[in-house]
Amino acid sequence: MTIFSLPGVRHTLAASLVAGSMLSAPAVHALDIKSSDVHPMGYPTTDAIEHMGNLLNSWTSGRMNIKIFHSMQLGGEKEALEQVQVGALEMTRVSVGVVGPIVGEFDAFNLPYFFKSVEHMHKVVDGEIGTELLNKLEKGGLIGLGYMDAGSRSFYNNVRPVKSFEDLKGMKIRVMQNPIFIEMVNSMGGNGLPISFSELYTSLQTGVVDGAENNPPSYESGKHYEVAKYYTLTEHLMVPEIFVFSKKVWDTLSPLDQQLIRKASVLAVEKQRELWAAREQRSLAAVKALGYEVVTDIDKEPFIKATEPVRMKFGEKYADLIKRAAAVK
Ligand code: GTR
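In our numbering, the protein residues as written are 2 to 330.
Okay, structure coming up:
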């Protein structure tokens, strides 16, 4: 008897668990997963989590669902992670940028000019090292479900176009809440200020900061160009994103439900990466089409050189890990 199909899950164990749970109705619990994201629906990350929710819903005939709290409805990422740690929120999708302060090893991925290319980053996060780090999240009360793409981050501001290294001098630049990024901006002659993404647009608008740094889709989707019109492809960070589940809640789930979530997570990652590749191109084109200046011809060498002390200082503690990641081919 086929109760429902579980694409890609070939284990007979899963099938028998499903059959078992269907037969013993009282053991079956509805699971409404609340998941947060700072981005709106229609963004690669939110759409991928929506896809994950649809899969879970169809695999369980509506027993498992994901409700997405998008567009910063629940505030910034630091707060979301705290909610997930205490079990008030089941899931969240955040940048690895804010995970470093919880599990230090992630800071290897937060070092400026660390990954050589998107392919290099994929090989690291999809390989042994990526899994090792996701597993370390447990000590921070989190279950790591997977890595999503976020391209490269570049600077934007409302003072002047950054055409060379010197142009960044003296600018107040918003960064994600992690000491690495403050020192990264400072090492480049700017003044790094940690501010939540949920307060960024207003901070740019009111002059609390002169600029920020992010990938083209965030710059475009958040309409940051309206308040910071000069964007320069410095591509100084390639910080992946992750989505995590609350360990507190996870430990109450049946092995089958955990397995379903894991399986749906793999497919969510696939979906997100597909959506991301297309969106990155589209966002840059959209900003240019609106008439905003995007500096693409930039000498990255001085930026790379200036940030060497940051890689040294923050990388020292995880030197082995960093060496292994750098050696991944
Ligand atoms: C975006 C990322 C968000 C958030 C934001 C930020 O690129 O998708 O998760 O980290 O940057 O700068 O805070």
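From the three backbone atoms N, C-alpha and C, an ideal C-beta is built for every residue, glycine too.
The model shown is predicted, which means the values in this text are computed figures rather than measured ones.
Distances from the CB of Phe70 to the heavy atoms of the ligand GTR are all 7 Å or more. DSSP places Ile243 inside the beta strand (DSSP E), whose first and last residues are 242-247. Taking a 10 Å sphere around the C-beta of Met122, we find 16 or more other C-beta atoms and assign the residue as buried. Distances from the alpha-carbon of Gly142 to those of Thr93, Ile262, Gly152, Leu75 put Thr93 closest. In the displayed model, Ala287 falls within a helix according to three-state DSSP.
Ala326 has its alpha-carbon roughly 11 Å from the corresponding atom of Tyr319. Judged by beta-carbon spacing, Ile305 lies beyond the 8 Å limit of Gly316, meaning their Cβ atoms are not closer than that value. Here DSSP, grouped into helix, strand and coil, assigns Ser155 to strand.
Taken atom to atom, the span from the alpha-carbon of Gly145 to that of Leu261 is near 14 Å. Pro180 is the residue among Gln206, Glu120, Pro180, Glu281 whose C-alpha sits nearest the C-alpha of Leu194. For Pro195, the enclosing beta strand (DSSP E) starts and ends at 192-195.
Relative to the Cα of Leu238, the nearest Cα in the group Glu294, Asp150, Gly292 belongs to Asp150.
Boundaries of the alpha helix (DSSP H) around Asn136: 129-137. In this structure, DSSP gives Asp33 an extended state, which the three-state scheme calls strand. Taking a 10 Å sphere around the C-beta of Gln282, we find fewer than 16 other C-beta atoms and assign the residue as exposed. Relative to the non-hydrogen atoms of the ligand GTR, the Cβ of Gly98 comes within a distance shorter than 7 Å of at least one. Per DSSP, reduced to three states, the secondary structure at Tyr44 is coil, with no helix or strand assignment. DSSP places Ala213 in the uninterrupted beta strand (DSSP E) bounded by 212-215. Asn179 sits in coil when the DSSP states are folded into three classes, being neither helix nor strand.
By the criterion of a C-beta distance shorter than 6 Å, Asn192 is surrounded in its chain by Lys173, once the five residues flanking it on both sides are discounted. Judged by their CB atoms, Gly88 and Ser197 are not nearer to each other than the 8 Å cut-off. In this structure, the CA atom of Ser165 is about 26 Å from the CA atom of Ser222. Between the stretch 68-76 and the stretch 267-286, the count of Cβ pairs shorter than 8 Å is below three; the stretches do not touch. In this structure, Glu214 lies away from Val240, with their beta-carbon atoms at least 8 Å apart. The distance from the Cβ of Ala269 to that of Gly147 is about 7 Å, consistent with a contact at the 8 Å cut-off. In this structure, Asn111 is the residue among Asp298, Asn111, Asp252 with its C-alpha nearest to the C-alpha of Phe182. At least one heavy atom of the ligand GTR is found less than 7 Å from the C-beta of Val95. Contact check for Phe246 against Glu91 passes: the beta carbons are separated by less than 8 Å.
Taking the Cα positions, Leu82 is about 13 Å away from Lys249. Partner residues in the beta bridge of Ser96, as assigned by DSSP, are Glu242.
Ranked by how close their Cα comes to the Cα of Glu309, the residues Leu169, Val186, Asp258, Leu291 have Val186 in first place.
The residues Pro162, Tyr231, in chain order, have a CB closer than 6 Å to that of Glu294 in the same chain once the five nearest residues on each side in sequence are set aside. Annotation for Glu106: Leu134, Lys137, Tyr319, Leu322 place their beta carbon closer than 7 Å to its own, counting only its chain and skipping 5 residues before and after. Contact annotation, Asp38 with Thr47: C-beta distance approximately 5 Å; criterion of less than 8 Å satisfied. Residue range 302-307 is occupied by the alpha helix (DSSP H) that includes Lys306.
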